[in-house]
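Using the numbering used here, the letters of the sequence shown map in sequence onto residues 9 to 504. Even glycine gets a Cβ: it sits at the ideal position worked out from N, Cα and C. These figures come from a predicted structure and were not determined experimentally.
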Amino acid sequence: MSRQGWLIAFWGGVCALTAAVYWPGLPGLLIFDDAPVLGPYLRAGALRHPFWSSAGPLGRPVSMASFWLDRQIWPHSLFAFNLTNVFFHLAAGTFAFLLARALFRQAGNRESVSRSMGFWIGAFFLIEPMQVATVLYTVQRMALLAALFMFAGVWCYLEARSRSQKGKPAAVWFFLALFLCPFMALFSKENGALTPVLTLAAELLFFRFRGPDRIRRMILVYFGALTALALGLINLAIFDRSFIRSGYGGRGFTLGVRLLTESRVLVRYLFMPFLPTASRISFFHDDLTLSHGLMHPPSTTIACLILAALAVLALALWKKRPLISFGIGWFFIGQLLESTFIPLEIMFVHRNYLPVFGLLVAAADGLWAMVPRLLSWLRIQPAGSVGTQLVRLAPLPVWSLFAILTFHQASLWSHPLRFYREGVQTHPHSATAISGLAQVEFDRGDPHAAIALLRQSGITGAILQADVYRCLLHGRIRAAELRPTLIPVRARHFSA
Numbered sequence: 009m010s011r012q013g014w015l016i017a018f019w020g021g022v023c024a025l026t027a028a029v030y031w032p033g034l035p036g037l038l039i040f041d042d043a044p045v046l047g048p049y050l051r052a053g054a055l056r057h058p059f060w061s062s063a064g065p066l067g068r069p070v071s072m073a074s075f076w077l078d079r080q081i082w083p084h085s086l087f088a089f090n091l092t093n094v095f096f097h098l099a100a101g102t103f104a105f106l107l108a109r110a111l112f113r114q115a116g117n118r119e120s121v122s123r124s125m126g127f128w129i130g131a132f133f134l135i136e137p138m139q140v141a142t143v144l145y146t147v148q149r150m151a152l153l154a155a156l157f158m159f160a161g162v163w164c165y166l167e168a169r170s171r172s173q174k175g176k177p178a179a180v181w182f183f184l185a186l187f188l189c190p191f192m193a194l195f196s197k198e199n200g201a202l203t204p205v206l207t208l209a210a211e212l213l214f215f216r217f218r219g220p221d222r223i224r225r226m227i228l229v230y231f232g233a234l235t236a237l238a239l240g241l242i243n244l245a246i247f248d249r250s251f252i253r254s255g256y257g258g259r260g261f262t263l264g265v266r267l268l269t270e271s272r273v274l275v276r277y278l279f280m281p282f283l284p285t286a287s288r289i290s291f292f293h294d295d296l297t298l299s300h301g302l303m304h305p306p307s308t309t310i311a312c313l314i315l316a317a318l319a320v321l322a323l324a325l326w327k328k329r330p331l332i333s334f335g336i337g338w339f340f341i342g343q344l345l346e347s348t349f350i351p352l353e354i355m356f357v358h359r360n361y362l363p364v365f366g367l368l369v370a371a372a373d374g375l376w377a378m379v380p381r382l383l384s385w386l387r388i389q390p391a392g393s394v395g396t397q398l399v400r401l402a403p404l405p406v407w408s409l410f411a412i413l414t415f416h417q418a419s420l421w422s423h424p425l426r427f428y429r430e431g432v433q434t435h436p437h438s439a440t441a442i443s444g445l446a447q448v449e450f451d452r453g454d455p456h457a458a459i460a461l462l463r464q465s466g467i468t469g470a471i472l473q474a475d476v477y478r479c480l481l482h483g484r485i486r487a488a489e490l491r492p493t494l495i496p497v498r499a500r501h502f503s504a
């Protein structure tokens, strides 16, 4: 078998193992946005707007069309919806592999090095335990599809630029990179608007607007027009703050508090792929302490210093180690929308789904730079067969460990009781985890345990939920009399 054939076979094996690891979680559960967005797709009856969702200002028609297609093929099956999510995750990981290989190749590495690095970066992207909170959070197919098209867009751009520099036809590649993929990403989820920003980062670090005059002019016009559009939108947001102000009206924090707190959240995102402890990769993070100043808590200052140091490192290494700079830049760019000024919830693990790729690229390049010294210390010839195989197989033990952790995380999603119990164990002050566990206990016929759990928490919303359960238990009200919009007793979460 040829080298390319072996590569395809090994990658197929990685995809098959990843699918097997996720299999126990496919029966799934509905949580947070799943019920309001996907409920109509999982029930019988006609859909009013099958290709439109109120979850985002652009309606996310690409994602909603995929849910509609699932409904036509496997009616009312959450298992099938999650199986499709796994398929899109595998597709995103494949494009992550292709993109990483192209990046290492563009940075001047040998083809064998680029191939190995791309393979392992893609493999770790697929098997990261933190990714479970995106793949099995069914409605976050929106994030999966946006990431898939963003990976594809940047990879197509690298291919287009490489071909154009060699004098080969590249029009189709440019069309895919600059128009089709960004369009599909944007209408999967609004994060797709960042695709041109990621593409621009690749251009600045690896091509620097060099090449044939015709290509240079086209690229300058494209990025110039998008920059003008972005500046116009920023000015609009500055002069008309009604959108931001109205969004923060229903939140328990201000814009300033959010920005300070997000510095600590970003540092958590930094460590998440490398030290995937149960508390870090848990679905529940609503117990996070808000930052009301640089010293309240003091970890806010430390987080800001870490982020500033990363930015300085990226600027300092942009010529010597452009892959490290690109990886850090990818991470920050990927967090621009959901982790800055937009009035969203403070933290969700799925927001790190795309940015983690940048961290993997930066870490891989940094470790690769250390390999010659390590092999020299071990008195192994880097160019020898032993050294080559050692480098290729070194990540395997860690990847295997991550596969076990991911299997455990995925298994929780098909057992609501275990899912919420682990959530409460890792985040004992999470209102959503406590409320979810109480709901499961109530549903399985143990209302006294549910009421005790809620009252012991001391959380106002949870105590209200406990009072509703007591009324139901003693027949003072009936479940049918409750207005779901006021008391979501049958919901899988409670907004405290």
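Reduced DSSP secondary structure (H/G/I, E/B, other) of residue i
i	result
Gly392	Model confidence at Gly392 stands at a pLDDT of 48, short of 50, so the residue's coordinates are unreliable; what they give is reported in the following sentence. Here Gly392 sits in coil by DSSP.
Gly431	helix
Gly301	strand
Met280	coil
Pro492	Residue confidence for Pro492 is low, a pLDDT of 48 falling below 50, so the modelled location carries little weight; the figure read from the coordinates is stated next. Reduced to three states, the DSSP call for Pro492 is coil.
Gln417	helix
Pro58	coil
Asp78	helix
Arg225	helix
Ile314	helix
Glu119	helix
His456	helix
Met9	coil
Pro137	helix
Trp326	coil
Phe214	helix
Of the listed residues the options, nearest to residue i (C-alpha basis)
i	options	result
Asn524	Phe75, Arg400, Tyr477, Ile341	Nothing can be reported for residue 524: it is not among the residues displayed for the chain, which extend from 9 to 504.
Leu298	Leu37, Leu278, Leu263	Leu263
Trp60	Ala371, His456, Phe75	Phe75
Gly260	Asp295, Asn243, Ser271, Met280	Asp295
Met205	Phe182, Ala245, Gly161	The sequence given here places Val at residue 205; Met does not occur at that position. Of the candidates Phe182, Ala245, Gly161, the one whose C-alpha sits nearest the C-alpha of Val205 is Gly161.
Leu368	Leu228, Ala131, Gly219	Ala131
Ala185	Gly175, Arg169, Ala319, Lys174	Arg169
Leu5	Gly53, Ile252, Gly101, Leu480	Only positions 9 to 504 of the chain appear in this structure, which leaves residue 5 out of reach.
Gly64	Leu352, Ile39, Val29, Asp451	Leu352
Ala201	Ala377, Phe159, Leu278	Phe159
Where residue i falls, given that 16 or more other Cβ within 10 Å makes a residue buried
i	result
Arg11	exposed
Val357	buried
Lys197	buried
Met9	exposed
Asp221	exposed
His501	Below a pLDDT of 50, predicted positions are generally treated as unreliable, and His501, at 35, falls in that range; the measurement from the model is reported next regardless. So His501 ends up on the buried side.
Gly392	In this prediction, Gly392 scores a pLDDT of 48, lower than 50, which makes its location untrustworthy; the coordinate-derived value is nonetheless stated afterwards. Exposed, because fewer than 16 other Cβ atoms sit within 10 Å of the Cβ of Gly392.
Asn243	exposed
Leu362	buried
Ser422	buried
Thr308	buried
Ser408	exposed
Ile16	exposed
Val275	buried
Residue interval of the alpha helix (DSSP H) (run including residue i)
i	result
Val147	Where Val147 is concerned, there is no enclosing alpha helix (DSSP H), given that its DSSP letter is neither H nor E.
Thr519	As displayed, the chain neither begins before 9 nor continues past 504, which places residue 519 out of reach and without an answer.
Thr285	From DSSP, Thr285 is part of no alpha helix (DSSP H); its letter is neither H nor E.
Ser443	439-451
Asn90	86-114
Asp295	No alpha helix (DSSP H) contains Asp295, which DSSP labels as neither H nor E.
Thr262	Neither: Thr262 is in no alpha helix (DSSP H) and is coded neither H nor E.
Val181	One detail in the question is off: residue 181 reads as Trp in this sequence, not Val. First-last of the alpha helix (DSSP H) with Trp181: 179-183.
Ala478	Looking at the sequence shown, residue 478 is not Ala but Arg. Unbroken alpha helix (DSSP H) run through Arg478: 468-481.
Asp41	That residue, Asp41, is in no alpha helix (DSSP H); it is neither H nor E in DSSP.
Pro190	189-194
Residue i Cβ short of 8 Å to the ligand NAD heavy atom set
i	result
Ala168	Absence of the ligand NAD is noted for the structure shown, with no ligands found whatsoever.
Contact under 9 Å by Cβ, residue i with residue j
i	j	result
Ala535	Ala441	The displayed coordinates of the chain run from 9 to 504. Any statement about residue 535 would go beyond what the structure contains.
Phe214	Ala115	yes
Thr146	Asn199	no
Gly374	Ile332	yes
Val448	Ile289	no
Leu413	Pro137	yes
Thr468	Phe292	no
Met150	Arg68	yes
Trp31	Ala372	no
Ile336	Ala322	yes
Phe365	Ala73	no
Val70	Phe195	yes
Ala446	Leu461	yes
Val121	Trp376	yes
Residue-level contact to chain D via CB, residue i, 9 Å cutoff
i	result
Ala28	Within the model displayed, chain D is absent; a lone protein chain is all it includes.
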